[in-house]
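Take a look at the structure set out below.
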Amino acid sequence: MYKETGKEKMIRFSIISAIAAVTLYLFVSQYTPTNEVVVVQPEKIQVKQLAVVLQEFNIQHHSPVLAMVKEHENQPMLIIYKVDIENNYRFETQYAVNLEDAPTDIKRDEVSDGVWLKTDNTWTYYDSQLRQAKRQEQHINKEEPTFSVNINEVDSERYELQIHNEDGTVLKKELDKEPITVVLLSEQKDLWFVLFEKDTILLVP
114 MYKETGKEKM IRFSIISAIA AVTLYLFVSQ YTPTNEVVVV QPEKIQVKQL
164 AVVLQEFNIQ HHSPVLAMVK EHENQPMLII YKVDIENNYR FETQYAVNLE
214 DAPTDIKRDE VSDGVWLKTD NTWTYYDSQL RQAKRQEQHI NKEEPTFSVN
264 INEVDSERYE LQIHNEDGTV LKKELDKEPI TVVLLSEQKD LWFVLFEKDT
314 ILLVP
């Protein structure tokens with residue numbers, strides 16, 4: 114009968130001990146709660162596109178000017194554009210500033226070339242170069258539009274936009290997306306800026 118040597122016995126015990134240690138580790142690891150690191154992504158700011166005309170197109174001013182809130186790199190931005198009508202209605206950025214929060218409304222000033230933004234029921238004034246400045250809210254232009262807008266859903270992929278004033282229907286246009294805002298850019302009522310959820314277009318009668 115073979116008799117195990119002391120060295121072989123030591124090796125055998127070492128192997129058994131190693132297997133037992135690994136088995137115990139796996140068992141403990143399986144039933145021991147771990148502290149998982151949960152990465153919370155910052156909530157994306159929902160930016161509603163807003164626009165207001167600061168200078169309408171007329172005989173003295175051949176390029177309308179408007180202020181617009183839009184999303185840029187997942188952040189709200191306030192921009193002043195000049196529309197170069199003679200250059201294929203090119204939108205030229207005059208001034209732009211990033212906003213900390215997404216506003217819910219936009220108004221022009223009744224006297225200056227500045228613009229007002231409403232955020233959390235608070236109005237903030239930006240001058241003609243989009244610098245914040247102190248100003249009394251009584252200067253917010255409260256003038257009501259001289260036109261009305263009707264949006265009719267033709268089907269699931271088409272909408273009919275109708276613009277009316279006291280003289281009747283000014284514009285009727287079928288669109289493939291639902292508009293959210295319409296802004297008049299011309300005193301002659303022949304240039305309209307239409308805002309969708311993400312896009313914009315210019316319309317003429």
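Going left to right, the sequence shown walks through residues 114 to 318 as my numbering numbers them.
Note that the Cβ used here is the ideal one computed from N, Cα and C, for glycine as well.
Check, Outcome
"E250 to P292 span [Cα, whole Å]", "29 Å"
"Rounded C-alpha distance that separates V228 from W305", "20 Å"
"Cutoff 8 Å; reference V267; Cβ partners in own chain excluding five residues on either side", "E273 and E287"
"Chain-order list of residues whose beta-carbon lies under 6 Å from that of V296 (same chain, five-residue window excluded)", "A164, V166 and F306"
"Contact under 8 Å by Cβ, L243 with L179", "no"
"Separation of E213 from I158, as counted between CA atoms", "10 Å"
"Buried or exposed (CB count within 10 angstroms, at least 16 for buried), V224", "exposed"
"Boundaries (first-last residue) of the beta strand (DSSP E) holding Q207", "R203 to N211"
"Backbone secondary structure at H175 - three-state DSSP", "coil"
"Where I253 falls: helix, strand or coil (DSSP)", "strand"
"With 16 other Cβ atoms within 10 Å as the buried cut-off, status of K247", "exposed"
"Burial state of R221 (16 or more Cβ within 10 Å)", "buried"
"A209 and K161 closer than 8 Å at C-beta", "no"
"Q275 versus N263, S269 and D289, residue with shortest Cα-Cα distance", "N263"
"Beta-carbon proximity check, S299 vs E169, cutoff 8 Å", "yes"
"N200 to D312 span [Cα, whole Å]", "20 Å"
"Contacting residues, own chain, Cβ-Cβ under 8 Å from N278 (five flanking each side not counted)", "T259, F260, S261 and K302"
"E279 - DSSP class collapsed to helix/strand/coil", "coil"
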